[in-house]
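A.B. asks:
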Amino acid sequence: INLQRRMRVTGLITQGAKRIGSPEYVKSYKVAYSDDGKTWRTYKVKGKDEDMIFRGNVDNNAPSANSFTPPIEAQYVRIYPQVCRRHCTLRMELLGCELTGCSEPLGMKSGHIQDYQVTASSIFRTLNMDMFTWEPGKARLDKQGKVNAWTAGHSDQSQWLQVDLLVPTKVTGIITQGAKDFGHVQFVGSYKVAYSNDGERWNVYQDEKQGKDKVFKGTDMTRTERVMNHHLAVHQGSLPGHDAAGSLRRRNAFRMHRGR
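Counting from 1, position 223 in the sequence shown corresponds to residue 1340 in our numbering; the numbering is continuous, with no gaps.
(1) With distances taken from CA atoms, which of ASP1273, TRP1157, VAL1194, ALA1296 is nearest GLU1210?
(2) Tell me, to the nearest whole angstrom, how far the beta carbon of ALA1266 is from that of TRP1251; I am working on the premise that it is less than 8 angstroms.
(3) With GLY1290 as the anchor, note down where its beta strand (DSSP E) starts and where it stops.
(4) Taking only three categories from DSSP, how would you classify GLY1316?
(5) Between LEU1283 and the rest of its own chain, which residues show a CB-CB distance below 6 angstroms, the 5 nearest in sequence each way excluded?
(6) Give the C-beta separation of SER1139 and ALA1191 to the nearest angstrom, bearing in mind that I take them to be a contact with Cβ-Cβ under 8 angstroms.
(7) With a cut-off of 8 angstroms, do at least 3 Cβ pairs link the segment 1324 to 1334 to the segment 1301 to 1309?
(8) What three-state label does DSSP hand GLU1156 in the structure shown?
(9) Can you grab the Cα-Cα spacing for the pair SER1239 / PHE1249, in whole Å?
(10) In whole angstroms, what is the alpha-carbon distance linking GLN1294 and THR1336?
(11) Any contact between the segment 1198 to 1208 and the segment 1251 to 1260? By contact I mean 3 or more CB pairs, one from each, below 8 angstroms.
(12) Sorted by chain position, which residues of the same chain lie with C-beta nearer than 6 angstroms to LYS1135's C-beta, five sequence neighbours on each side aside?
(13) Which residues does DSSP list as the beta-bridge partners of MET1209?
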């Protein structure tokens, strides 16, 4: 892959495919990188002069993510499949940022973050009809259609929407947006944010001055986008939102990678 300029590459997501009905995928691979496309360096095991062999996919459908610690800084990135199921068939995505750092959407709106990565404590069905299910995968900014957001099945403060980012990522902000359900304006007025490395043990984002859980202001109408620009300070793998008021939400998250 030619990135056109030197970039900081922090990770890689791979996926197999079916060819003539047969599952094919890359089980393991090496990664090399270059500044000019001629002289290549293979990514090494940290602290050793040994090529790193990354674990790839176990089937043709589920994505597999690997992170680079330390990140790669290069213009060209090359993948060398090592072990494949049948033919070496690959779909992939690079994760990374400009060398100078950036703040950019992680992919809720664009669909880069897929539905299976977004889960919730409960869901709501309008008129108890399956066709009007406000499921977590619909919690995407500016989503169109009659059902275009996530709505919790209950209105208490224990409800949550969770995003699994697959690889450790520095999150610098969140955009939230409400929606309408059969003409009724609904939105999240305020919320808390928690983060986790394993999806089991959670830390609630703190108000540094007051030393207690930070309560963020949400939106006050369906079309307004409110941006939360607070760094989560550490790299994390999951990002849930705990509703403090209201129950309907669309969202996008931002990331930033800085030099180390």
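For glycine and all other residues, C-beta sits at the position ideal for the given N, C-alpha and C.
C.D. replies: This is what the structure gives:
(1) Your numbering for residue 1210 matches position 93 in the sequence shown. If we check each option's Cα against that of GLU1210, VAL1194 comes out closest.
(2) As a working note, residue 1266 is residue 149 in the sequence shown. As a working note, residue 1251 is residue 134 in the sequence shown. Approximately 6 angstroms separates the beta-carbon atoms of ALA1266 and TRP1251; this is inside 8 angstroms, confirming the contact.
(3) Numbered from 1 along the sequence shown, position 173 holds the residue referred to as residue 1290. Residues 1288 to 1294.
(4) The sequence position of residue 1316 within the sequence shown is 199, counting from 1. In the structure shown, GLY1316 sits in coil (DSSP, three-state: anything other than H, G, I, E or B).
(5) Here residue 1283 is taken as the residue at index 166 of the sequence shown, counted from 1. Cβ within range, chain order: ALA1182.
(6) What you label residue 1139 is simply residue 22 of the sequence shown in a count that begins at 1. What you label residue 1191 is simply residue 74 of the sequence shown in a count that begins at 1. With 8 angstroms as the limit, SER1139 and ALA1191 do not qualify as a contact, their Cβ atoms being about 34 angstroms apart.
(7) yes
(8) The sequence position of residue 1156 within the sequence shown is 39, counting from 1. Per the sequence presented here, residue 1156 reads as Thr, with Glu not at that position. Here THR1156 sits in coil by DSSP.
(9) Translated into the one-based positions of the sequence shown, residue 1239 becomes position 122. Translated into the one-based positions of the sequence shown, residue 1249 becomes position 132. In a straight line, the C-alpha of SER1239 is about 14 angstroms away from that of PHE1249.
(10) Translated into positions along the sequence shown, residue 1294 becomes position 177. Translated into positions along the sequence shown, residue 1336 becomes position 219. So the alpha carbons of these two residues sit roughly 6 angstroms apart.
(11) no
(12) Taking the first residue of the sequence shown as 1, we reach residue 1135 at position 18. Residues of the same chain with a CB within less than 6 angstroms of the CB of LYS1135, apart from the 5 flanking positions on each side, are ASN1177 in chain order.
(13) Position 92 of the sequence shown holds residue 1209. MET1209 is bridged to THR1131.
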